[in-house]
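Trainee: Quick one: structure below, then a few questions.
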Amino acid sequence: MSSIIDPRTGEALTSPDTGQDSQASADQPPVRPEDVIIDLNAGNIQQVLEASMKVPVLMDCWAPDSEPSKQLMAVLERLAVEYGGAFLLAKLDTQANPEIASQLGVQSVPDVKLISQGGLVDGFQGALPEKQVREWLNRYFPAPEDAPPSPEEQAEAALNEGDPAGARDIYQNLVSQYPDHYPYQVGLARALVSEGRRDEARNLLDNLPPEERDAPAARGVRASIEFGEQALSSEEIAALGDRTDSEAQYQRALRQVADGQYEAGLEALLTLMKQDRAYNDDAARKTLLQVFDALGADHPLTVTYRRKLFALLY
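Pasting the structure below:
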């Protein structure tokens, strides 16, 4: 039986002959997959539990015929190396080891358990998306300083950099991997709106479960679709020329919002409110609220301009 390696030192945590702890080394060599990932079975489970006295063990209970299991395993294997050996990843094939799975109380896969000091600390079930897995791990382990951006972060960056097609590709891949994680479908709809593919985005939102369809994130994307449909075209905006009346100000602001220039659009709407609150039955204030809905309650611009709106009203 091979030794379990302490990835932080490169030394054996347990000896296959004596089971005694080894002397830690001052050096910390680069972590390799074989240092932090082990296949769990009846022959080494006791050794793995002994190892948990020194370093936490993340036990991934999976099955070969479960696609969600295999998806999650790929994420955990990558994170085990990325986290620099903060934990060992022990993979248990529940079909090959049904007795161990039964003893652990595994009823469905994937089932992930965090073991430390020989006891269960926490766990989760189901193939969580990578972002949620990272958030869960970060409750117990410091996030790696050089951690690569998650797929969600990459998609957001693509949108912010004016690359909606790149964001769409990322979200389509995430949707195919996690079809029941509806925020990815909402993200895909946002990318489609940014590409001008509003009908596809609306159809995607319409097919969400009712509770997801009516949630703030989906309502926000619908608001973005409406902005694009209501706003004048760039040519029509140019035709307004030097007009400074309320209608011209409103149409320019709406076009800015539809183009994703949210801060400029919000500022213009707030200015219009100050100058002509009665314009078109308080349209500036109502549109501000729609933009807040589109951006989400936690967006910095929502927080800033909601405060400005409150100050203006009260």
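Counting in UniProt numbering, the sequence shown runs from 1 upward without gaps.
Built from N, CA and C at the ideal position, the CB exists for glycine as well.
(1) What does DSSP give as the partner residues of residue 115 in its beta bridges?
(2) Ordered along the chain, which non-local residues of its own chain (more than five positions away) have a Cβ less than 7 angstroms from that of residue 45?
(3) Hey, out of 189, 194, 224, whose CA is closest to residue 208's CA?
(4) Would you mind giving the Cβ-Cβ distance between residue 76 and residue 89, rounded to the nearest angstrom? I have them listed as a contact below 8 angstroms.
(5) Would you identify the three-state DSSP class for residue 185, choosing helix, strand or coil?
(6) Can you tell me whether residue 23 is buried or exposed? The criterion is at least 16 other CB atoms within 10 Å of its CB, across all chains shown.
(7) Is the distance from the Cβ of residue 59 to the Cβ of residue 115 below 8 angstroms?
(8) Would you report the Cα separation of residue 33 and residue 238, rounded to the nearest angstrom?
(9) In chain order, which continuous runs of the alpha helix (DSSP H) of length 4 or greater are located wholly inside the stretch 150-218?
(10) Confirm, please, whether the CB-CB distance from residue 123 to residue 106 is below 8 angstroms.
(11) How about residue 94 and residue 136: do their beta carbons lie closer than 8 angstroms?
(12) Provide the residue span of the alpha helix (DSSP H) that contains residue 92, from first to last.
(13) Nearest-angstrom Cα distance between residue 97 and residue 178?
(14) Can you name, in chain order, every residue of its own chain whose Cβ lies under 6 angstroms from the Cβ of residue 121, other than the five neighbours on each side?
Mentor: Quick look at the numbers:
(1) 57, 120
(2) 100
(3) 189
(4) 6 angstroms
(5) helix
(6) Low per-residue confidence applies at residue 23: pLDDT is 38, beneath 50, and the placement is therefore not dependable, though the value from the model is reported in the following sentence. Residue 23 comes out exposed.
(7) yes
(8) 59 angstroms
(9) 151-160, 164-177, 182-194, 198-206, 210-213
(10) no
(11) no
(12) Premise fails: residue 92 lies in the beta strand (DSSP E), 88-93, not in any alpha helix (DSSP H).
(13) 27 angstroms
(14) 114
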